[in-house]
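Participant: Residue numbering for the sequence shown follows the numbering used here, starting at 32 and increasing by one per position. Note that the Cβ used here is the ideal one computed from N, Cα and C, for glycine as well. Handing you this structure, nothing more for now.
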Amino acid sequence: MGHSAYNGLVTLRNRVKNGWAQIDVQLKQRADLIPNLVETVKGYASHESEVFTQVTQARAGVVQAAQSGDVAQRIQAENQLSRALVNLQATAEAYPELKANENFMDLQSQLKSLEEKIAYARQFYNDVVQKYNTRIEVVPTNIIAGLFHFEQATYFQVDEADRQTPQVKF
């Protein structure tokens with residue numbers, strides 16, 4: 032019985048790690064897209080420096096959090112980046128000629144696709160985290176979890192201020 036509980040916990044812990052890895056891939060692609068998006072918007076709205084600074088700082092925060100390996104810190108940094116992207120989108124809305132730019136439209140399409148993939152990966156990850164965390168807490172696996180130091184996983188929750196999904200409009 033003990034080895035079965037232990038193996039089940041290991042399996043779920045590995046699924047949590049895999050779920051985070053899937054999110055990480057999508058977040059990396061989004062982070063790689065941002066400099067091109069910022070430069071394109073800058074070409075039409077160069078005087079909006081506060082928005083560009085906000086996005087650049089948020090992206091730097093994501094890089095730093097990713098290097099730390101702290102999932103909770105990374106989630107917070109990603110949520111901050113999402114807020115900055117919403118502001119960038121709002122800025123772009125004020126420039127009709129920018130919205131007609133082919134490069135900008137392509138970048139917007141890529142960003143929309145990535146945001147959808149991130150949302151799907153987040154849902155999968157949180158589902159696995161819920162199963163894993165529940166298994167750690169229920170009898171009898173909680174005994175095995177305690178003996179072998181299985182720890183609760185962090186949910187990828189959106190900050191209350193970020194409940195609005197970044198909208199990509201054409």
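Could you tell me the alpha carbon to alpha carbon distance between R61 and L129, rounded to whole angstroms?
Facilitator: Along the sequence shown, one-based indexing puts residue 61 at 30. Along the sequence shown, one-based indexing puts residue 129 at 98. Taking the straight line from one Cα to the other gives about 20 Å.
Participant: Kindly provide the ranges of any alpha helix (DSSP H) runs that are 4 or more residues long and lie completely inside the stretch 121-149, ordered along the chain.
Facilitator: Within the stretch 121-149, the complete alpha helix (DSSP H) runs of at least 4 residues are 127-130.
Participant: Out of Y37, Q95, F187, A121, which one is the CA nearest neighbour of Q161?
Facilitator: Position 130 of the sequence shown, counted from the first residue, corresponds to residue 161. Of Y37, Q95, F187, A121, the residue nearest in Cα terms is F187.
Participant: Please classify K200 as buried or exposed, where buried requires at least 16 other C-beta atoms within 10 Å of its C-beta.
Facilitator: One-based indexing of the sequence shown puts residue 200 at position 169. Model confidence at K200 stands at a pLDDT of 49, short of 50, so the residue's coordinates are unreliable; what they give is reported in the following sentence. With fewer than 16 Cβ atoms within 10 Å of its Cβ, K200 is classed as exposed.
Participant: Alpha carbon to alpha carbon, how far is L58 from T112? Give it in angstroms, no decimals.
Facilitator: Position 81 of the sequence shown holds residue 112. Position 27 of the sequence shown holds residue 58. Reading off the sequence shown, one finds Leu at residue 112, where the question assumed Thr. Going from the Cα of L112 to the Cα of L58 covers about 10 Å.
Participant: Is it a yes or a no for the stretch 68-86 touching the stretch 164-171, going by three-plus beta-carbon pairs under 8 Å?
Facilitator: Because the criterion of three Cβ pairs below 8 Å is not met, the stretch 68-86 and the stretch 164-171 do not touch.
Participant: Whole angstroms are fine: how far does the CA of F179 sit from the CA of L119?
Facilitator: The sequence position of residue 119 within the sequence shown is 88, counting from 1. The sequence position of residue 179 within the sequence shown is 148, counting from 1. Spanning the two alpha carbons is a distance of roughly 46 Å.
Participant: Between the C-alpha atoms of E109 and A150, what's the straight-line distance to the nearest angstrom?
Facilitator: On the sequence shown, position 78 is the one that residue 109 refers to. On the sequence shown, position 119 is the one that residue 150 refers to. Between E109 and A150, the C-alpha separation is close to 12 Å.
Participant: Please go through the same chain and pick out, in chain order, the residues whose beta-carbon is closer than 8 Å to the beta-carbon of T71, but skip the five residues on each side of it.
Facilitator: The residue labelled residue 71 in the question sits at position 40 within the sequence shown. Excluding positions up to five away in sequence, the list reads L129, N132, N134, F135, L138.
Participant: Can you say whether G177 is buried or exposed, counting buried as having 16 or more other CB atoms within 10 angstroms of its CB?
Facilitator: As a first step, residue 177 is located in the sequence shown; it is residue number 146 there, counting from the start. Answer is exposed; the Cβ neighbour count stays below 16.
Participant: Could you say which of N164, K143, D55 lies nearest to R153 if we only look at CA atoms?
Facilitator: Counting from one through the sequence shown, the residue named residue 153 turns up at place 122. Ranking the options by Cα distance to R153, first place goes to D55.
Participant: Quick check for students: name the residue ranges of the beta strand (DSSP E) that lie wholly in the stretch 51-128, counting only runs of 3 or more.
Facilitator: If we require 3 residues or more, the stretch 51-128 turns out to have no beta strand (DSSP E) run fully inside it.
Participant: Indicate the three-state DSSP secondary structure (helix, strand or coil) for Y163 in the structure shown.
Facilitator: Here the question's residue 163 lines up with position 132 in the sequence shown. Y163: helix per DSSP, three-state reduction.
Participant: Exposed or buried, which one is G100 when buried takes at least 16 other CB atoms within 10 Å?
Facilitator: As a working mapping, residue 100 is identified with position 69 in the sequence shown. Classification for G100: exposed.
Participant: Quick check on N38: buried or exposed, where buried means 16 or more other Cβ atoms within 10 Å of its Cβ?
Facilitator: Numbered from 1 along the sequence shown, position 7 holds the residue referred to as residue 38. N38 should be labelled exposed.
Participant: Please classify V170: does DSSP put it in a helix, a strand, or coil?
Facilitator: Working through the sequence shown from its first residue, we reach residue 170 at position 139. Coil at V170, not helix or strand.
Participant: Looking at C-alpha atoms only, which residue of N45, K73, Q141, S35 is the closest neighbour of V159?
Facilitator: Numbered from 1 along the sequence shown, position 128 holds the residue referred to as residue 159. Of the listed residues, the one whose Cα sits closest to V159 is N45.
Participant: Please state if the CB of R166 and the CB of L43 are separated by a distance shorter than 8 Å.
Facilitator: Counting from one through the sequence shown, the residue named residue 43 turns up at place 12. Counting from one through the sequence shown, the residue named residue 166 turns up at place 135. Yes, they are a contact pair.
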